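Taken in order, the sequence shown gives residues 78 to 461; the numbers are from the numbering used here.
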Amino acid sequence: MLKRYLLTPGPTAVPPEVMLRMSQPLIHHRTPEFETLFAEVQHGLQWLFQTTQEVLMLAASGTGAMEAAVANLCSAGDTVIVVNGGKFGERWTKISQAFGLKPVEIKVEWGQAVQPAAVAAALQAHPHTKAVLVQASETSTTALHPVKALAALTRDTDTLLVVDGITSIGATETPMDEWGLDVVITGSQKALMLPPGLAFIALSEKAWKQVESATLPRYYFDLRRERKEQQKHTTAYTPAISLINGLSAVLHLMQDEGLEHLFARHALLAAATRAAAQALALTLLAQTSPSPAATGVFLPEGINGSQFLKYMRDRMGVDIAGGQDHLKGKIVRISHIGYAGPFDVITAISTIEMALRRFGHPLELGRGLRAAEEVLMDGWPAIG
Ligand SMILES: *Cc1c(COP(=O)(O)O)cnc(C)c1O
Numbered sequence: 078m079l080k081r082y083l084l085t086p087g088p089t090a091v092p093p094e095v096m097l098r099m100s101q102p103l104i105h106h107r108t109p110e111f112e113t114l115f116a117e118v119q120h121g122l123q124w125l126f127q128t129t130q131e132v133l134m135l136a137a138s139g140t141g142a143m144e145a146a147v148a149n150l151c152s153a154g155d156t157v158i159v160v161n162g163g164k165f166g167e168r169w170t171k172i173s174q175a176f177g178l179k180p181v182e183i184k185v186e187w188g189q190a191v192q193p194a195a196v197a198a199a200l201q202a203h204p205h206t207k208a209v210l211v212q213a214s215e216t217s218t219t220a221l222h223p224v225k226a227l228a229a230l231t232r233d234t235d236t237l238l239v240v241d242g243i244t245s246i247g248a249t250e251t252p253m254d255e256w257g258l259d260v261v262i263t264g265s266q267k268a269l270m271l272p273p274g275l276a277f278i279a280l281s282e283k284a285w286k287q288v289e290s291a292t293l294p295r296y297y298f299d300l301r302r303e304r305k306e307q308q309k310h311t312t313a314y315t316p317a318i319s320l321i322n323g324l325s326a327v328l329h330l331m332q333d334e335g336l337e338h339l340f341a342r343h344a345l346l347a348a349a350t351r352a353a354a355q356a357l358a359l360t361l362l363a364q365t366s367p368s369p370a371a372t373g374v375f376l377p378e379g380i381n382g383s384q385f386l387k388y389m390r391d392r393m394g395v396d397i398a399g400g401q402d403h404l405k406g407k408i409v410r411i412s413h414i415g416y417a418g419p420f421d422v423i424t425a426i427s428t429i430e431m432a433l434r435r436f437g438h439p440l441e442l443g444r445g446l447r448a449a450e451e452v453l454m455d456g457w458p459a460i461g
């Protein structure tokens with residue numbers, strides 16, 4: 078038997094109490110019982126997004142909410158500014174192109190955060206920009222973009238700031254209303270500790286106004302229709318009932334922990350992982366603005382990343398993520414988002430140390446672990 082550990086930045090592990098909740102017998106969605114459940118999770122989501130706006134739930138993966146944002150806010154030929162610093166930034170470009178928009182890309186080196194000045198310059202060069210599309214946390218490079226600073230640029234203009242918060246909501250401070258984010262998106266299989274299948278999207282007043290005048294075609298993802306139904310605590314189409322039931326359990330777990338502790342836990346696990354990588358002389362991909370969702374590190378020269386990950390997964394039972402595109406085979410990404418604790422970091426680091434040794438990389442076993450433990454000690458209060 079091989080005991081398995083899922084330490085990827087989506088899908089993430091699901092807590093046992095959430096699994097149990099989702100295995101309850103189905104209830105019908107056009108019932109008062111479902112409406113009560115729906116109203117409760119709507120409330121919880123507003124707390125999580127730190128907004129007074131409605132947070133709409135869609136039966137889709139996260140990309141569905143990205144597409145919904147574009148389709149509901151834009152008209153054909155609109156200019157949008159895309160911050161493209163990784164795989165998910167690139168996705169904004171592809172969605173925009175698919176809908177006949179004119180994306181102006183700000184290319185950011187993978188692992189780096191966008192410079193607000195670059196966005197300011199692009200806005201100046203394209204004053205009729207409909208929206209700036211960005212990731213708060215670019216999961217493919219494990220870097221955080223400074224969305225608070227970007228919101229300061231768009232706040233008093235006609236341009237909207239659309240934030241893919243799929244690995245930032247529930248992992249790091251992203252207060253929608255306070256920062257003036259116009260659209261915030263997340264998905265179920267990252268910080269929300271659920272299986273994939275739910276996407277979430279919240280819009281500011283300014284964004285809702287834009288929805289009225291936008292002319293791109295939309296049907297399944299027509300947010301006007303969804304909003305009307307969700308205001309009555311139901312959905313336009315059959316919702317992912319079991320996932321919404323699980324979401325209720327998740328939100329209780331999160332509310333019991335509290336946002337401040339939730340963010341502090343992610344920050345601590347990320348700091349411990351980075352300390353371990355540094356102790357092992359592994360170069361971090363995101364040096365200046367690392368995400369608390371996952372940590373990307375370069376493998377030593379000469380190690381085949383695909384074989385390395387396969388060995389970890391198939392022989393050691395530990396699933397971490399690799400790199401994409403030009404970083405494929407070169408990096409690994411260790412997740413610490415969602416249902417993650419200190420011993421997930423320990424597991425990941427220990428496995429990496431032993432696998433590196435197996436692959437012939439000379440290292441002192443326990444070196445990374447010790448560095449991680451030194452950081453993790455801060456997570457436990459003194460005895461007494
Ligand atoms: C996971 C992820 C997505 C895409 O989500 P899917 O659920 O695979 O559609 C988009 N953006 C970011 C930042 C992500 O981490």
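By construction, the Cβ of each residue, glycine as well, lies at the ideal position given by its N, Cα and C atoms. In this text the structure is predicted, and so the values were computed from the model without any measurement.
- Relative to ligand 1, the beta carbon of K267 is positioned inside 7 Å of a heavy atom.
- Following the DSSP letters along the chain, one finds S265 in no beta strand (DSSP E), marked with neither H nor E.
- With fewer than 16 other Cβ atoms inside 10 Å of its own Cβ, G154 counts as exposed.
- The C-beta distance from Q266 to P88 rounds to 4 Å, short enough to fall under 8 Å.
- Relative to ligand 1, the beta carbon of D241 is positioned inside 7 Å of a heavy atom.
- Counting along the chain, G139 sits inside the alpha helix (DSSP H) bounded by residues G139 to L150.
- L97 and S325 have their alpha carbons spaced roughly 12 Å apart.
- Cα atoms of P93 and A197: separation of roughly 46 Å, rounded to the nearest angstrom.
- Taking the Cα positions, G264 is about 24 Å away from I408.
- Your pair A268 and I426 does not check out as a contact, with CB atoms roughly 21 Å apart and the cut at 8 Å.
- Classified as buried, T128 has 16 or more neighbouring CB atoms from the shown chains inside 10 Å of its CB.
- Under the 8 Å Cβ criterion, the segment 312–322 counts as touching the segment 118–136, having at least three qualifying pairs.
- In the three-state scheme derived from DSSP, where H, G and I count as helix and E and B as strand, I158 is classed as strand.
- In this structure, V157 sits away from K225, with a CB-CB distance that is not shorter than 8 Å.
- Note on M253: 16 or more other CB atoms within 10 angstroms of its CB, so buried under the neighbour-count rule.
- Counting C-beta pairs closer than 8 Å gives three or more between the segment 235–243 and the segment 256–263, which meets the contact rule.
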